[in-house]
Structures are given as structure tokens and as C-alpha cells.
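Here this note's numbering is used: the first residue of the sequence shown is 503, the next is one more, and so on.
Comments concern the structure below.
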Amino acid sequence: QGGARLHVIALDGSASMGYGDRWQRARGAVNDILGALGGDDRAQLVLAGRTLEVLSAASGDPAALRQTLNTAEPGSFRVDYGQMMRSLDALLRTAELPVVLDLVTDVQASGMPARFGELAPRRPAEIVIHDVAMGPAANWTVDGFGASALTGELTASVRSFAPNAATKTLTLRQNGTVVATQMVDVPAGGRAQTTFPALDLASGPNRVEVALTPADDLPADDRRYLALKRPQPRSVLVVAADTKGRGALYTSAALSTLATLSLTPEVKAPKDLRERPLTDYSFVVVTDVGLLGATETAQLKDYVQDGGRVLLAAGPRASGLTTVPLTDETLAATAQMSADRNLSIGDVDRTHPALHGVEDLRTARFSRSLSVEPAAEDRVLMRLADGTPLLLERALGAGRVLLFTSSLDREWNDLPVQPAFVPFMAGLANHLLGGAGFSSEADLGSTLAVRALGLTGGQIFDPRGQKALGLGAGSDDVLLDQIGFYEVVGGGMTELVAVNFDPRESDLTPIDATIVERWRGLGVRAADQTQRATPVGTQPVPNPLGPWLVIFLVLLAVMETAVGNWHLRIRRGIAA
503 QGGARLHVIA LDGSASMGYG DRWQRARGAV NDILGALGGD DRAQLVLAGR TLEVLSAASG
563 DPAALRQTLN TAEPGSFRVD YGQMMRSLDA LLRTAELPVV LDLVTDVQAS GMPARFGELA
623 PRRPAEIVIH DVAMGPAANW TVDGFGASAL TGELTASVRS FAPNAATKTL TLRQNGTVVA
683 TQMVDVPAGG RAQTTFPALD LASGPNRVEV ALTPADDLPA DDRRYLALKR PQPRSVLVVA
743 ADTKGRGALY TSAALSTLAT LSLTPEVKAP KDLRERPLTD YSFVVVTDVG LLGATETAQL
803 KDYVQDGGRV LLAAGPRASG LTTVPLTDET LAATAQMSAD RNLSIGDVDR THPALHGVED
863 LRTARFSRSL SVEPAAEDRV LMRLADGTPL LLERALGAGR VLLFTSSLDR EWNDLPVQPA
923 FVPFMAGLAN HLLGGAGFSS EADLGSTLAV RALGLTGGQI FDPRGQKALG LGAGSDDVLL
983 DQIGFYEVVG GGMTELVAVN FDPRESDLTP IDATIVERWR GLGVRAADQT QRATPVGTQP
1043 VPNPLGPWLV IFLVLLAVME TAVGNWHLRI RRGIAA
């Protein structure tokens, strides 16, 4: 086996590999690798996407490997190179030949992990990077599309990853029919927005999409989807210490004005939560999380875990808390409670459905907020200018919790008297309604269950119209792994959920060449590798010293006896 090698060919199957002829070049690169195999070499094909998919066992038959290659296609997900390398480690640890790790990829910068060290294989392997990007690429994408739950207007955002300005046409379709077009001027490397008037929605869910026409070299990100419908009147519970106080007043007034959502707020004190089952409400708003005792927290937790949605806000009664009821985030010292602060809103995650089309938020001023330490399962949607988390989201069981770390009255900020407050509450309310709201979206790669939409005994169909399979082991959760509309049918009702392209895949900027060289340098040449590497996570078994020590002691005893007898013979001779 002297010069034999195992070529593990990791083919990048991320969405960006669908740009232009990159996939054809990737196949060409793999064919070149297979054509250069030595007589004793072996090769194995794997496809990197959301997970690492092993396409073939190690084989010395290039023809069979080429047949397997022809069945592979790029997917909808992005690739995190650090995660890819960790997944490859599990594959490499059993290799008996020196390994050449052939990475066939477009070296997309957005796929880089937070730490460069994550790119190093734990099992020694030579790293060969086959760059199929062929330098920078121009791309335009519809990176945002949402409907105002307040006015029904639709806003589309077009982003440029190109060195030149361009004029693009946006085409709006409702249930397959073109209803409007708009021209938009997009600056080089910039973003442009356009607004469409509210649609005359048909009864039931409506399939709405906006697309760049004509499509460019990455057509998958040239359109976005939105499920819109006219909802039924729904009840919302507002929990407040003073049912006639400002917190209850501002919150219920904002919710009542949302004609597109048709909400009826019902204000109650915490002690009255048992008067009516929480499942009667589409979602719950707690105006001061410090109001919740152990009993109320347990009630709300059961409600959320069964699919309910809750918005928690802070307030004066939350000042003495050390953890957040319901979600259990740790609260740091009260450094963020100073009344001398006068902060505006900083970062806003405008890709989140709750914040589509919400403008002028930065006019509000915040004097106080809870200092929350986000957990790994939290998604921070808004921050204050000093970086303090202001709005967080967490999945809890089958439901969701939004945490607003300031108040919904004028105690800690002036947001309730700003023009942005009602649109802000409209976005939060629509998101909390889930599929029952004005619009319905879910992230690519997330899961969906029939019960999450308030339906029972239903079926979920993917964008191709095929029945979507659960994740197994009795789970009804379906992985949303395709872009387009998922249809949920159950209880005589139909709901739609829109799933869109991951915006990170639209930025085709390649990794800097010096960093690519450093990545290659993390490998070990095949010629310098041992014939069989020690599996990762195991230690070489040391040779036991016990037997050798016993033999040494026996020899020492024999020598000592011999020397002693010789010495005695000499002493006897002298005495004689």
C-alpha cells in the first residue's frame, strides 16, 4: 500500500453553488480528482449541506463514483465550514490509508466559522481546496418581503452584491396571477425598497410572491414568498397589575386598532387568570413580568409548551428579579436600571417577520431596561444603542415567547407615544398569531407541527405538493427543508406557511486568498501521515511495565546472591 491514498471528496452542496455554472465546474473538479487516482487509491464522495450526506463508500472504481456524482445536486441550505469539518472528522477517524481531503467549494466567506481553528481536521489529513467560484460574482436578491399588519401594504427589499448600479423589475403575484409590477433602482452594493398597495385578499390563505424579472444567475434568491389571509376575530389576553393603568391602556389600544388582525383585547389582573382557559386566547401579553408568581408562571408555561404564544414586557415590579419568569434567562446586576440613560434603539434584525416594515423605531428613547444575559436558545431581535438586548425570542415546547426588556407604558421609555409604537405592536401581534395571523412565515431549516397552527389530525404538504414526513420516532414535527409554500390541512381548514431563501447565501463574496492558504496549511501531507492514524478521542495503549519490572528484580536478586557467595568464598580463604 506504499503510495495508496484515500481521497475524501467533500462536495459543497449549499444554495450558492447554484450560481451560474458553479455546479458544472464542481462536477468537473470531482471528475478531475477521480481521473488522477492511482491504481491503489480509494475515493469517497460526501455532500455538505445542512448535514453531511455520505454519497458513496470508499471505492477504487471511478466509473461507479462518477455515476453517484451525477445524482447529486445543490440544495437550499448554507454550509458552515466549521460544522462541515467537525462532521468530516467522524468520517476520517476510521480511515486506514493516508487521507487527502478534497474540498470542492465556492469558498463563500459567509460560511466561515467564528473561530479559524474550527477549520482544522482533528485526524491528520492533507487539505486540498478546489475553488469553483472563479473570483467575485455579481448578484441581486429579494432579501426582504413583508406585509404591514397595520395597513396591509407590502414592502419588498432588493439588495445588490454587485459593483454596478442596476434597475430591476419586481413582479408581484397573488395566487399565481400577476397583480402589480414596480421598477426599482438598486445602487452598487446597496439596497432599495419599494411598496405595493394592500391586496384585495381572497377568503382563506393567499399565496403571495414577489420576484425579480428577469432572473439573474442565482434564481433561487430572486423571489420571496408570503402567506396572507383575512383572519377571524380573535381574543387576546393582556395581564396588568392595574387593569385601567397606562400599561394596559397603551397595549390594548394599540392591539384594538389593528384592523387587519381583528383582535379583541381582554385585560385581567394576574389573580384572575384561572377565570377562563388560556387556550381561549390567541396569545397573551404580560405588561410587567414582575407580576408573575409561581402559580401564574406555571400556568403560562403549560400554555406555551402546548403551542401558546406570550409577549413578556418589563416594568417596575421586575426590578428585583434575578431571573426572567417563564424563560429563566439570568438578569445581571441592575446597571441597566439607571434613570440617567437616554438611549435609542440600535441593531434591529429586519429579517425577522415581526419587524418587517417597522420604521422610525430609533426616535424612541429608553431610560431603563432589564440587563438580560441571552441564552444559547435565544434569538436577539433588537438591541439598544449600547448593545443591551431589547427584544428576544425563544421557542419553548411547541410555543414561543417574546421578551421585551423595557416597559410597554411610559415608565421606562417613550415608545408608546411614538408613531412607531402601533406598527411595532402590529408586527409582534402578527408574529405571535403564527399561521392564524395576517401573514405567516417560517425559517428554512426550522420545524413545523400541525398543532402549532391550532389544527388537529392534519397533514402537511411540501412545496412540491407531496406529503411531508415527520422527523421520526413518533414526532409530528416536519423539517422545513424546501423553499416555497407548505400547506397544512386539518379539521376542515387549510393554512399556508411561507419558507424563504437564507439571505446569507446571497452574498457570494469569497474568502480572502491568504485565509484559504492558511486553511490549506492546517492539513498534513499524505506522505507525512502514518499508515493508520490513532482514532480521535483514544490514547495509545502503553506497554505494561509490570512484567519487565518483575524480570529486572529477579535478575537483580540473582546477581546479588552470586556477588554475596563470591564475597563469602574470599572471606573464607583469608580466614584459612
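Ideal Cβ positions, reconstructed from N, Cα and C, are used throughout, including at glycine.
{"Item": "At what residues does the beta strand (DSSP E) containing Trp-642 begin and finish?", "Value": "641-649"}
{"Item": "Looking only at its own chain, which residues have a Cβ that is under 6 Å from the Cβ of Trp-1068, when we skip the five neighbours before and after it?", "Value": "Note on Trp-1068: pLDDT 40, under 50, position unreliable in the model; the coordinate value appears next. Cβ within range, chain order: n/a, list empty."}
{"Item": "Lys-746 by DSSP, collapsed to three states: which one?", "Value": "coil"}
{"Item": "Tell whether a beta-carbon distance below 8 Å holds between Ile-631 and Val-609.", "Value": "yes"}
{"Item": "Using CA coordinates, which residue listed in Pro-721, Glu-861, Asp-790 and Leu-813 is at the minimum distance from Tyr-783?", "Value": "Leu-813"}
{"Item": "Does DSSP classify Phe-698 as helix, strand or coil?", "Value": "strand"}
{"Item": "With a threshold of 6 Å on Cβ separation, who are the neighbours of Trp-1050 within its own chain once the five nearest residues in sequence on each side are excluded?", "Value": "Caution applies to Trp-1050, whose pLDDT of 49 falls short of 50 and renders its modelled position unreliable; the value that the coordinates give is listed next. Result list for Trp-1050: empty, nothing under 6 Å."}
{"Item": "Measure how close the beta-carbons of Asp-591 and Ala-512 come, nearest whole angstrom, since I'm counting them as under 8 Å.", "Value": "Not really, about 12 Å apart at Cβ, beyond 8 Å."}
{"Item": "Would you kindly report the start and end of the unbroken alpha helix (DSSP H) that includes Val-741?", "Value": "That residue, Val-741, is in no alpha helix (DSSP H); its beta strand (DSSP E) goes 736-741."}
{"Item": "Based on the DSSP secondary-structure assignment, which residues constitute the bridge partners of Pro-767?", "Value": "Val-738"}
{"Item": "Helix, strand or coil for Thr-949, going by three-state DSSP, please let me know.", "Value": "strand"}
{"Item": "Hey, quick one: how far does the beta strand (DSSP E) through Gly-848 stretch, first residue to last?", "Value": "847-850"}
{"Item": "Can you look up Arg-507 in the DSSP assignment and give me helix, strand or coil?", "Value": "coil"}
{"Item": "Please go through the region 957-987 and give each complete alpha helix (DSSP H) segment of 4 or more residues, from N-terminal end onward.", "Value": "none"}
{"Item": "Looking at C-alpha atoms only, which residue of Leu-910, Ala-834, Thr-949 and Glu-943 is the closest neighbour of Ala-897?", "Value": "Thr-949"}
{"Item": "Output needed for Ala-597: all residues of its chain with C-beta closer than 6 Å, excluding positions within five of it in sequence on either side, in chain order.", "Value": "Leu-508"}
{"Item": "Which residues in the same chain have their Cβ closer than 6 Å to the Cβ of Leu-935, if we skip the five residues on either side of it in sequence?", "Value": "Ser-784"}
{"Item": "Can you have a look at Val-510 and say buried or exposed, based on whether 16 or more other CB atoms are within 10 angstroms of its CB?", "Value": "buried"}
{"Item": "Residues in the same chain with beta-carbon distance under 6 Å from Val-710, minus the five sequence neighbours each way, listed in chain order, please.", "Value": "Gln-676, Leu-728 and Leu-730"}
{"Item": "For Val-606 versus Val-681, is the C-beta distance shorter than 8 Å?", "Value": "no"}
{"Item": "Would the beta-carbon of Glu-798 fall within 8 Å of that of Pro-779?", "Value": "no"}
{"Item": "Would you list the one or two residues that DSSP bridges to Glu-628?", "Value": "Val-602"}
{"Item": "Is the region 608-622 close to the region 1009-1023, with three or more CB pairs under 8 Å?", "Value": "yes"}
{"Item": "Buried or exposed: Leu-793, going by 16 or more other Cβ atoms within 10 Å of its Cβ?", "Value": "buried"}
{"Item": "Does the beta-carbon distance from Phe-987 to Ala-1000 come in below 8 Å?", "Value": "yes"}
{"Item": "Within the continuous alpha helix (DSSP H) that includes Tyr-583, where are the two ends?", "Value": "583-594"}
{"Item": "Between which residues of its own chain and Arg-661 is the CB-CB distance below 6 Å, once the five residues before and five after are set aside?", "Value": "Thr-643, Asp-645 and Arg-693"}
{"Item": "Can you give me the C-alpha to C-alpha distance between Glu-861 and Ala-1029, rounded to a whole angstrom?", "Value": "60 Å"}
{"Item": "Just the C-alpha distance for Gly-959 and Ala-951, rounded to the nearest angstrom, thanks.", "Value": "11 Å"}
{"Item": "For Asn-844, name the three-state secondary structure that DSSP assigns.", "Value": "coil"}
{"Item": "If we ignore side chains and look at the alpha-carbon of each, how far apart do Thr-683 and Gly-848 end up?", "Value": "33 Å"}
{"Item": "Using beta-carbon positions only, say whether Pro-638 and Pro-891 come within less than 8 Å of one another.", "Value": "no"}
{"Item": "Do the region 904-914 and the region 739-755 make contact, defined as three or more Cβ pairs closer than 8 Å?", "Value": "yes"}
{"Item": "Would you identify the three-state DSSP class for Tyr-727, choosing helix, strand or coil?", "Value": "strand"}
{"Item": "Once DSSP output is grouped into helix, strand and coil, what is the label at Tyr-521?", "Value": "coil"}
{"Item": "By alpha-carbon positions, which one of Leu-857, Val-601, Asn-1002 and Ala-635 ends up nearest to Ala-1015?", "Value": "Ala-635"}
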